[in-house]
Structure formats: C-alpha cells, structure tokens
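Asker: There's a structure below that I have some questions on.
There are 2 protein chains.
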Amino acid sequence: MRAAVFNGPGSIGVIDRGEPVLESPTDAIVRVVLACVCGSDLWYYRGESPHAVGTIGHEFIGVVEATGSQVSGISVGDLVVAPFIYSDMSCPHCANGSMASCPNGGSFGNGTIDGGQGQYVRVPQAASTLVAVPPGEHSSETLRSLLALSDVMATGHHAAVSAGVRPGATVAVVGDGAVGLCAVLAAKRLGAERIIALSRNPARQRVALAFGATDLVEQRGDAATERVLELTKGVGADATMECVGTSQAIETAAAIARPGSMIGIVGVPHGVVPFVPTFFRNIGWRGGPAPARLYIPALLDDVLNGTINPGLVFDFETDLEHVSEAYAAMDERRAIKSLIRVAPR
Amino acid sequence: MRAAVFNGPGSIGVIDRGEPVLESPTDAIVRVVLACVCGSDLWYYRGESPHAVGTIGHEFIGVVEATGSQVSGISVGDLVVAPFIYSDMSCPHCANGSMASCPNGGSFGNGTIDGGQGQYVRVPQAASTLVAVPPGEHSSETLRSLLALSDVMATGHHAAVSAGVRPGATVAVVGDGAVGLCAVLAAKRLGAERIIALSRNPARQRVALAFGATDLVEQRGDAATERVLELTKGVGADATMECVGTSQAIETAAAIARPGSMIGIVGVPHGVVPFVPTFFRNIGWRGGPAPARLYIPALLDDVLNGTINPGLVFDFETDLEHVSEAYAAMDERRAIKSLIRVAPR
C-alpha cells in the first residue's frame, strides 16, 4: 500500500509499505477514504516538536475491511470515524475523559503504528475506538464534516467544554486556526450568545462568521485585550478558549478572561502559563488532548442532521501522492487545513 | 482603641489608634470580639510577601456598633461574621464569584483600612459584606467556628469546590495547615468518601481525622506520590486540593491528581505551576482568593446545626495585647492557627 512517511522536519514523502494485518483479536483494518493534516503535524514538519521518522497522520475516516474475533459493534463495510487516540474506554482514565492516559491506548501515525495518511490502518481496540456512521448515502460535504470529528472539531469542542461555555454566554476564542474555528462552532452549538473570534485573516474570518462568530477582533497582544474588554464592557469573556499554544496566545487568553472564569486550553502549551496573575483573579485553566471518542457520537448526530458543518475548515485538498503539498499549503498559511483524498468511498 | 500594627518582617506591635468612624453611608463600625492570624499574615511576618507598615489582620467576628444611613439588613447589636474581602456583591465580578476583583472592594488590614486584629473596624460596603448571625446564645466553641468562616474555612471550601469534590469521591489534600485541614472538612461536608490527608504532624493529623480524613500520608515528595497512587490503585485522586503554595506542594498535587481531574489551588502560588505535564493528562487548575461572602451563609448554617466545627483549627489563643505571641506560635509551628480574644461578646 501507499502511505505518507515523515522523514524529518520539512520532509514528508509517500512510500510503499506492506498492508497491515490483524495482529490482535481486538484489531480492525480500515481502508482510509479521507485523511487530513493536523496543526500538530505542522509542529513536527517545522521541527518545533519531535516526531519519530515513519508513519504520520492521526485523522481519518474509512471503511472497515476486516475485524478481529473480539471486535463487536463494528462490521466489515461500515463507514467509520476514527478518533485520533485509540483507547479501551473501560479503564479509569477513559471513564474520567482522559483517553490520552489509557494504558491500552495510543495514537495513530506516531512513527510505528499506522498513520491516517495512508491507504490502510490497523486500528487497535477497534470496538471501543471506531464510531460507525449510520448507513446511507452521504454527500461529499458530510464526509468532510465527519472527517473533522476525528480530531479538529472534537478538540474545538473540548476547548468549549473545558472553558465551561453555557447558553447565553459571551465567549472569546484565541486562535483562528482550524481548531479555533471549530471552537467557535462548538461554542455556538453549546448556546453561546456572543462569540468573539480573534482573527485578522479574511479567509479565516469568513469561516468564523459562518460558524457563528458575532465579533471579529483583528488586533493582537495588548490591543486585542483592550478591544475584547471594550466589547465586554470591561468585564472580559465568560469563557475563553485558547487554541494556539504560543506564549502570546496564552497571555492574551489570560488577559481577556473575566475574573472567576475558566480558560479552556487545547493548544499544546509552548509557552509558560502565567498562573499567578490569573490566580488572583480566580481564573482556572483546563484542557488537554480531547476525549474525541467521547464527543464523536453527539457531534456525528449533529453533522448528519445538519446542525454543524465543521468540514468548512478544509480549504485545500489533494490526493495521497501529493501529501507534501498538503503540508506546504498549511505551512505557508495558504490553507487553513488540508484534506487528503485517499480513496473513493 | 488598641490595634495590632505591622512594623515590618518579624515585628508585630500593639498601638493606640483613633477609633474608626463612619466615613460613608454604606459603612458600618464593628467592635471586634474574636480575631485570628492567617497563614498569609505569616508570609508577611516572615518577609516572604510584602505588606505595608500599618494595620493588619483580615479575619474577625464582632458586634455592629454603628451603621451608615444606606446600610440595610445589618443592625446595631448584631453579631456578624466578616469575610476577609469586602465587596459590593452586585458587580459582574462578584456575580461571577471573584470578590477579589470587585471594583468597590478591598481587603481588611492592608496597612490603611482597619485590620481585624484591633478593637474596632470600619467595614465598607457593610450591607453586602457582613453576614449577621441569628440571635441567640452561642457557645465559645460556636463562636470559634464562626470566626473560622471569615477566611480559613471559606478558603478550604473554595479548594474543595474548585477541585470539583463530589459525593463518593476519593480526594487528596496537600497541606496540613489550617486551610488544608478545613479543606478536609469541606470535602467531607461535600460527600467525599475517601479523604487522603498529607500530614506528618501528630497534632494536625488529629484534627484531620476529626474533620473526616480517612487516610494519612506521612511521606513527602516522590514518596508521597507513590503512597497516594498505592492508596488509589494507581489511578490518583478524583479531586486534589493544593493548600500550601510552595513548589513542592504544587508538584505533589500535580503528580497525585488523576488524569481528567481538577486541582483546587488556594495557596498563593510561590512556585511554578507545572502546566505542560498536567496538560497531557487533562488535569485542570482552578482557584484563587475564596469568595468567602458567597460561601458563609451555608457554612454558617452548618456551624449552627452542628454539622461542621472548623473552630478546631485554633489550638493557641491569647489576647490582643499579646498578638505578637500569636504570630510567634504559628511561625515556630507550635500552633496550627492562633486565635485572639479581643473583647467579650
């Protein structure tokens, strides 16, 4: 089969690898239909976070090709969404919403286990990991939105849940990457009344508005803080979503959160969280790798009933052979998020 | 009147000062009955946090002597509990549980405004700040517990609320100071089933057990972490309360919290919060200066009906003239918390 390979910073290739086979009775083999490139893949591509040489990509949807003898609930032929972490969903950590800590879990495309950016993936813990899409004809638009549930929309939703977004709330989203845009959509879905999106890029602003942003703030740093405080009558945001992870974004989130509120943080923090200043304002920080598997069923229902369309974040697409272009487009900020057509459904 | 005065690190005196008078129609004058010394007063005493020369002490109960023309709900002769922060309870920040951010608020004994460690206190925003105790005879034990509501018990409760303590939970409390002990009591009151208290001091262990601790961990650092993980079958605590503020306490809290849980942090952080490691385990941090005014009414009911007895944290007492001994006893760890008898009720 063909699969993307991470050769080191700046170098993504496509190679021939053996097709995966069932190794454990709890495995399934999935033929990938659509995959995409994550913001975290970009950290690896840019050499800003380490990644093993080898398989890459952890977001995909596909069709089940084979199941191990202990896999129930998932059948050959099912269209499935794979959360970016596989997990047993029965350990204490999964039960507490932290699949990243599952002792039987792991992540796709980490150098050894198959990546989503390839033709086939062996999925461990398949019964508890994969979510089957109800049978039927699904439009290309729906498939793109289902793909987004694998990570980016689940992560945006995690930001909103961690920030405690409630109906009627005034919220702010720091970061106009695909995760930040999905946080806007998640906040809207959770009933936020006013959604302030920090964005200065016209293409991203358009998606933010389509997702429900009510106010756009183009400023950065102190000027952004001033503007958000102006928009909130000096109070700050009821719930703040930090979807970047850089020092500046973290500082901005800290400054615009209202006293007594929570900041949902889902960007891997590459800067120091300024804990002492927020402590005196009773502001809390919560977040981490999203429990995508937990969130997917409800989000999937809302994709199918047309309530949400997170697939709008994909504004560049190519095929597996041109995967390096998918990375380059995001690296050069020509794309919000790149989709990879791996095979027809 | 006589009042304690902070002259600088290591020096607490008692001086004659003019009695306070009503300065604003929203003021009240309270004659102090009982006061006490806070762990944060000790930071000042030790020179580890700055404090202006002048009035000191922010925990007291007393009797209302005079009220301004706009003070309703509080009458001359009422026995009242003063939360350590005065606030208007009507601004957006008070409404969101962050009285420390109230634009009309402030703290007692900050060098200029009267301190609780004195015979009389002018209380700004009296109607929204003071909580009247229902009339009646109250035992000395009850009065001590009412005094504890002013700060230490409200702060322990804030740790438990911020950590998300729920009925049936297994929780851990880092810190066996008066706040940590009150966090044990608060966790018990909120229905925690198993309460692990980190303490190696016999006097404090006794109070922890009286307050509902089910397990005592005497180890520190990595050994404490190992022991808590052993007690929780490797999972960690469902809710963790950090009631010290030192680097070691913060690190221990981070290590014993279970993935997906919250750490309630109420010790003013004097160390760095290790945010990145907890991020990957989906652990959140929340806390700050307690919204004591918000918590006092329910806690007061439970003091009066005998459910809680936070006054047990006072194991040293003296009178106002000997206030420096109250500090010394805590500084030398001879006392958990020092009570100051200012006047008979």
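Protein sequence lines correspond, in order, to chains A and B. Per the working numbering, the first sequence starts with residue -12, numbered consecutively. Per the working numbering, the second sequence starts with residue -12, numbered consecutively. Glycine is no exception: its CB is placed at the ideal position from the N, C-alpha and C atoms. Predicted model, so just to flag it, every value in this text is computed and none were measured.
Would a check of beta-carbon distances place Val260/B closer than 9 Å to chain A?
Answerer: For Val260/B, the answer is yes, since a Cβ of chain A falls inside 9 Å of its Cβ.
Asker: Beta carbon of Asp302/B, beta carbon of Ala190/B: below 9 Å?
Answerer: Ala190/B sits close to Asp302/B, with the two beta carbons spaced by under 9 Å.
Asker: Is Leu134/B near Leu21/B, with beta carbons less than 9 Å apart?
Answerer: In this structure, Leu21/B lies closer than 9 Å to Leu134/B by Cβ.
Asker: Which of the residues in the stretch 67 to 88 of chain A, read from start to end, lie with their CB under 7 Å from any CB of chain E?
Answerer: Judged by its chain identifiers, the structure shown contains no chain E, and its protein chains are A and B.
Asker: Tell me whether Ala150/A sits in a helix, a strand or coil according to DSSP, three-state version.
Answerer: coil
Asker: Please go through the same chain and pick out, in chain order, the residues whose beta-carbon is closer than 8 Å to the beta-carbon of Tyr31/B, but skip the five residues on each side of it.
Answerer: The answer, listed in chain order, is Phe(-7), Pro(-4), Pro37, His38, Ile43.
Asker: Decide if Ile2/A is buried, meaning its Cβ has at least 16 other Cβ atoms within 10 Å, or exposed.
Answerer: By the neighbour-count definition (other C-beta atoms within 10 Å, threshold 16), Ile2/A is an exposed residue.
Asker: For Ser149/B, return the contacting residues in chain A, with the cut-off set at a CB-CB distance below 8 Å.
Answerer: Within 8 Å Cβ-Cβ: Gly271.
Asker: Which partner residues of Asp306/B appear in the DSSP bridge assignment?
Answerer: Looking at the DSSP assignment, Asp306/B forms a beta bridge with Arg328/B.
Asker: Please check if any C-beta of chain B sits within less than 9 Å of the C-beta of Met249/A.
Answerer: yes
Asker: In the stretch 43 to 64 of chain A, which residues sit with their C-beta less than 7 Å from some C-beta in chain B, listed in chain order?
Answerer: none
Asker: Quick check for students: name the residue ranges of the beta strand (DSSP E) that lie wholly in the stretch 125 to 180 of chain B, counting only runs of 3 or more.
Answerer: You should have 157 to 161.
Asker: Considering only the beta carbon of each residue, do Phe262/B and Val231/A sit closer than 9 Å?
Answerer: Taking 9 Å as the cut-off, the beta carbon of Phe262/B is found no closer than this to the beta carbon of Val231/A.
Asker: May I have the straight-line CA-CA distance separating Arg33/B from Ile252/B, to the nearest angstrom?
Answerer: Those two C-alpha atoms are separated by around 22 Å.
Asker: Confirm, please, whether the CB-CB distance from Cys23/B to Val139/B is below 9 Å.
Answerer: yes
Asker: According to DSSP, is Glu213/A helix, strand or coil?
Answerer: helix
Asker: Whole angstroms are fine: how far does the CA of Ala210/A sit from the CA of Tyr107/A?
Answerer: 48 Å
Asker: Exposed or buried, which one is Gly175/B when buried takes at least 16 other CB atoms within 10 Å?
Answerer: Just to set this straight, residue 175/B is Lys in the shown sequence, not Gly. Classification for Lys175/B: buried.
Asker: Where Leu136/A and Thr265/A are concerned, what is the direct C-alpha to C-alpha distance, given to the nearest angstrom?
Answerer: 32 Å
Asker: Since Ile72/A and Gly92/A should fall inside the 8 Å C-beta cutoff, what is the C-beta to C-beta distance between them, to a whole number of angstroms?
Answerer: 6 Å
Asker: Verify the CB distance criterion: does Arg328/A have a CB-CB separation below 9 Å to chain B?
Answerer: No, no contact with chain B.
Asker: In chain order, what residues of the same chain have a beta carbon less than 6 Å from the beta carbon of Gln57/B, not counting five sequence neighbours either side?
Answerer: Pro12, Thr13
Asker: Within 9 Å of any Cβ in chain B, is that where the Cβ of Thr265/A sits?
Answerer: yes
Asker: Return helix, strand or coil for Gly208/A, following the three-state DSSP convention.
Answerer: helix
Asker: Considering only residues of the same chain and omitting the five flanking positions on each side of Ser234/A, which have a CB-CB separation below 6 Å?
Answerer: Gly258
Asker: What residues from chain A crowd round Val222/B, counting only those whose CB sits closer than 8 Å?
Answerer: Pro79, His80
Asker: Closer than 8 Å between beta carbons: that is the criterion. Which residues of the stretch 272 to 296 of chain A meet it against chain B?
Answerer: Correct list: Trp272, Arg273, Gly274, Gly275, Pro276, Pro278.
Asker: List, in chain order, every chain A residue whose beta-carbon is nearer than 8 Å to that of Pro256/B.
Answerer: Simply Phe262, Val263, Phe266.
Asker: Is it true that the stretch 78 to 93 of chain A meets the stretch 267 to 283 of chain B, where meeting means three or more beta-carbon pairs spaced less than 8 Å apart?
Answerer: yes
Asker: In whole angstroms, what separates the C-alpha of Val110/B from that of Glu6/B?
Answerer: 13 Å
Asker: Could you say which of Asp65/B, His144/B, Ala240/B lies nearest to Thr54/B if we only look at CA atoms?
Answerer: Asp65/B
Asker: Quick one: measure Cβ to Cβ for Gly380/B and Cys169/B, integer angstroms, because I've assumed they're closer than 8 Å.
Answerer: No information on residue 380/B is available, as it lies outside the stretch -12 to 332 that chain B covers here.
Asker: So which residues on chain A does Pro122/B lean against when the C-beta distance must stay under 8 Å?
Answerer: Near Pro122/B there are no residues of chain A at all, since even the closest Cβ is about 33 Å away, more than 8 Å.
Asker: Arg245/A versus chain B: which residues are under 9 Å apart at the beta carbon?
Answerer: Pro79, His80, Asn83, Ser85, Ser88
Asker: Considering only DSSP beta bridges, list what Ile252/B is partnered with.
Answerer: Glu229/B, Gly274/B
Asker: Does any CB atom of chain A fall closer than 9 Å to the CB of Ile183/B?
Answerer: No, no contact with chain A.
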